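Numbering (the numbering used here), first residue to last: 1171 to 1412. Beta carbons: idealized from backbone N, C-alpha and C, even for Gly. Computed from a prediction, not measured in an experiment: that's the story for all the values here. Below: the structure, in structure tokens.
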Amino acid sequence: MAKVYLVGAGPGDPELLTLKAYRLLKEAPVVLHDRLVGKGILALARGQRVDVGKSEGESGKQEVIHRLLLRYAQAYPFVVRLKGGDPFVLGRGGEEALFLAAHGIEVEVVPGVSSFLATGLPLTHRGLSSGFAVVSGVLEGGGYPDLAPFARAPTLVVLMGVKRRVWIAQELLRLGRRPDEPTLFVAEATTSREERVQAALHEVAAGKVAVSSPAVWVLGEVVRVFGARAKEVSLASATVEV
């Protein structure tokens, strides 16, 4: 019976792959991968590699990916669908799993380290943050998210929000977050190319903060306390991709 493994590639460092993900990459006859999966991780794949990555605004390409997955699953004993971070965290892994199941294809999920866990910041910390929320900065078709349900989270993580950072910051201020709240952008976390930009929320809202995209954006008191330490922690574990 055909089978597709939805595999999380993690944030970039090949050493953060699970053992199962590593084994599957070595054994898979074909790997369909996202655009942002690191070269060091793709180099582990011994079978055919198929780039099915899409850029922002290419939501219609998801149907193409579904059909490719089905075609390869019907042609090979098993297929790896390699996704950045974790397959079920803003990666549309659920949609792919449902599509394949509807066509009689067995699906197994191999979790990965989501990018929001790779910033080096503790998202919860006693006395600072009792919880956190993760929200996407862009919705299907380019829509803007409703930030109200997330605005009061002690620690807020925004993914895919760099291009809309000014609007997001202004909206969060309107919803009651403090202008002086510390925030941190982390691009290419866990790799040798990691970049970190720390700024107050009002500075982001004023358009004064330049950031490379894509990046994880963390807002909250944990940034004030751990921002500098996080750089040391994350860079200490960084590896050079090959």
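Residues bridged to residue i [DSSP beta-bridge criterion]
i: residue 1262; result: Beta-bridge pairing links residue 1262 to no other residue.
i: residue 1337; result: Answer is none; residue 1337 lacks a bridge partner.
i: residue 1178; result: 1253
i: residue 1169; result: Residue numbering for the chain in the displayed model covers 1171 to 1412; residue 1169 lies beyond these limits and cannot be assessed.
i: residue 1278; result: 1175
i: residue 1218; result: 1200
i: residue 1295; result: 1299
C-alpha distance - residue i paired with residue j, whole-angstrom precision
i: residue 1204; j: residue 1221; result: 6 Å
i: residue 1410; j: residue 1360; result: Any reading at residue 1410 needs caution, since the residue's pLDDT is 34, under 50, leaving its predicted position unreliable; the model's value is listed next. Each residue's Cα considered, the two are about 9 Å apart.
i: residue 1198; j: residue 1215; result: 7 Å
i: residue 1348; j: residue 1285; result: 25 Å
i: residue 1273; j: residue 1245; result: 14 Å
i: residue 1182; j: residue 1211; result: 8 Å
i: residue 1381; j: residue 1202; result: 29 Å
i: residue 1275; j: residue 1231; result: 20 Å
i: residue 1196; j: residue 1243; result: 17 Å
i: residue 1208; j: residue 1184; result: 8 Å
i: residue 1192; j: residue 1343; result: 43 Å
i: residue 1329; j: residue 1190; result: 26 Å
i: residue 1313; j: residue 1172; result: 36 Å
i: residue 1370; j: residue 1397; result: 12 Å
Contact under 8 Å by Cβ, residue i with residue j
i: residue 1279; j: residue 1254; result: no
i: residue 1294; j: residue 1354; result: no
i: residue 1174; j: residue 1249; result: yes
i: residue 1239; j: residue 1177; result: no
i: residue 1389; j: residue 1291; result: no
i: residue 1395; j: residue 1368; result: no
Residues near residue i in its chain [Cβ-Cβ closer than 6 Å; skip 5 each side]
i: residue 1331; result: 1307, 1338, 1387
i: residue 1334; result: 1307
i: residue 1269; result: 1236
i: residue 1391; result: 1298
i: residue 1373; result: 1379
Cβ neighbours of residue i in the same chain (closer than 7 Å, five flanking residues each side left out)
i: residue 1341; result: 1317
i: residue 1180; result: 1186, 1187, 1255, 1282, 1283
i: residue 1323; result: 1301, 1302, 1303
i: residue 1358; result: 1182, 1364, 1365
i: residue 1377; result: 1336
Close beta carbons around residue i, own chain, < 8 Å, minus the five adjacent residues each side
i: residue 1234; result: 1222
Fill in: Sequence ranges, beta strand (DSSP E) only - wholly within the segment 1351–1393, length at least 3
At a cut-off of 3 residues, the continuous stretches assigned as beta strand (DSSP E) that sit fully inside the segment 1351–1393 are 1352–1357, 1365–1370, 1386–1389.
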